[in-house]
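Enquirer: Just dropping this structure here.
Below is the structure:
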């Protein structure tokens, strides 16, 4: 039991650190025009001239980018909470199955939202460019597919855990 507590504590700290790093990274990126231009060219895939960004394009792209970042932060905080339950010895419970499934859906939503957000950001960051320099960039990267796979796996594990809880309850009623 002590080992489970220790491992759960480590996992909780890592989840909180991941959420904090995502929040910090978003603030850092959007405060530095050079980093934002590099992000637009590299991650978003904008090949049209970038920067200086219009105020409305900047704020629209920032707002759009907060959607997948927020989904990730929410998933990590929920995962941290789940590890907290594990550390308290609450393992084979229906509530954990539901939480795990929700975390999986949050990650799946992030995997879907990320390429959509990047495409919309490319439009927002270039819609005040002169004619012929506006762009819609659609990019897919392995990380997006990894998040989708992780989300799907957690949804599946949540469903399996729900069935395990049901079977454990059923077996307990026979004793």
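In our numbering, the protein residues as written are 866 to 1040. Positions of the beta carbon are idealized from the N, C-alpha and C atoms, including for glycine. None of the values given here were measured: they were computed from a predicted structure.
Can you tell me which of 987, 968, 931 puts its alpha carbon nearest to the alpha carbon of residue 907?
Expert: Of the candidates 987, 968, 931, the one whose C-alpha sits nearest the C-alpha of residue 907 is 987.
Enquirer: Here's the rule I'm using: 16 or more other beta-carbon atoms within 10 Å means buried, otherwise exposed. How should residue 1018 be labelled?
Expert: Counting Cβ neighbours within 10 Å, residue 1018 comes out exposed, since fewer than 16 surround it.
Enquirer: Quick one, which of 965, 1010, 1005, 882 has its alpha-carbon nearest residue 1026's?
Expert: Cα-wise, what sits closest to residue 1026 is 965.
Enquirer: Please name the residue in 879, 985, 993 whose C-alpha comes closest to that of residue 910.
Expert: The residue with the shortest Cα to Cα distance from residue 910 is 985.
Enquirer: My output table needs one value for residue 1028: the three-state DSSP class, helix, strand or coil.
Expert: Note: residue 1028 maps to helix in three-state DSSP.
Enquirer: Run through DSSP, which three-state label would residue 1010 get?
Expert: Residue 1010 falls in the helix class under three-state DSSP.
Enquirer: Please report the Cβ distance between residue 956 and residue 887, rounded to the nearest whole angstrom; I am assuming they are in contact, meaning their Cβ atoms lie under 8 Å.
Expert: In fact, because the Cβ distance is near 28 Å, the residues do not count as touching under 8 Å.
Enquirer: Please state the DSSP three-state secondary structure of residue 1004.
Expert: DSSP places residue 1004 in coil when its eight states are reduced to three.
Enquirer: Return the chain-ordered list of same chain residues with a C-beta closer than 6 Å to the C-beta of residue 933, the five sequence neighbours on each side being excluded.
Expert: Excluding residues within five positions, the ones whose Cβ falls inside 6 Å are 975, 978, 979, 982.
Enquirer: Between which two residues does the alpha helix (DSSP H) containing residue 997 stretch?
Expert: Here residue 997 belongs to no alpha helix (DSSP H), and DSSP marks it neither H nor E.
Enquirer: In terms of alpha-carbon separation, which member of 953, 898, 890, 936 lies closest to residue 920?
Expert: For the residues 953, 898, 890, 936, the minimum Cα distance to residue 920 belongs to 898.
Enquirer: Return helix, strand or coil for residue 957, following the three-state DSSP convention.
Expert: The answer is coil: DSSP assigns residue 957 none of H, G, I, E or B.
Enquirer: Could you pull out every residue in the same chain whose Cβ sits closer than 7 Å to the Cβ of residue 883, ignoring the five residues on either side in sequence?
Expert: The answer, listed in chain order, is 941.
Enquirer: Could you tell me which of 1035, 993, 950 sits nearest to residue 871, measuring between CA atoms?
Expert: Here the closest residue by C-alpha is 950.
Enquirer: Could you tell me if residue 1005 is buried or exposed, where buried requires 16 or more neighbouring beta carbons within 10 angstroms of its beta carbon?
Expert: When all chains shown are included, residue 1005 counts as exposed.
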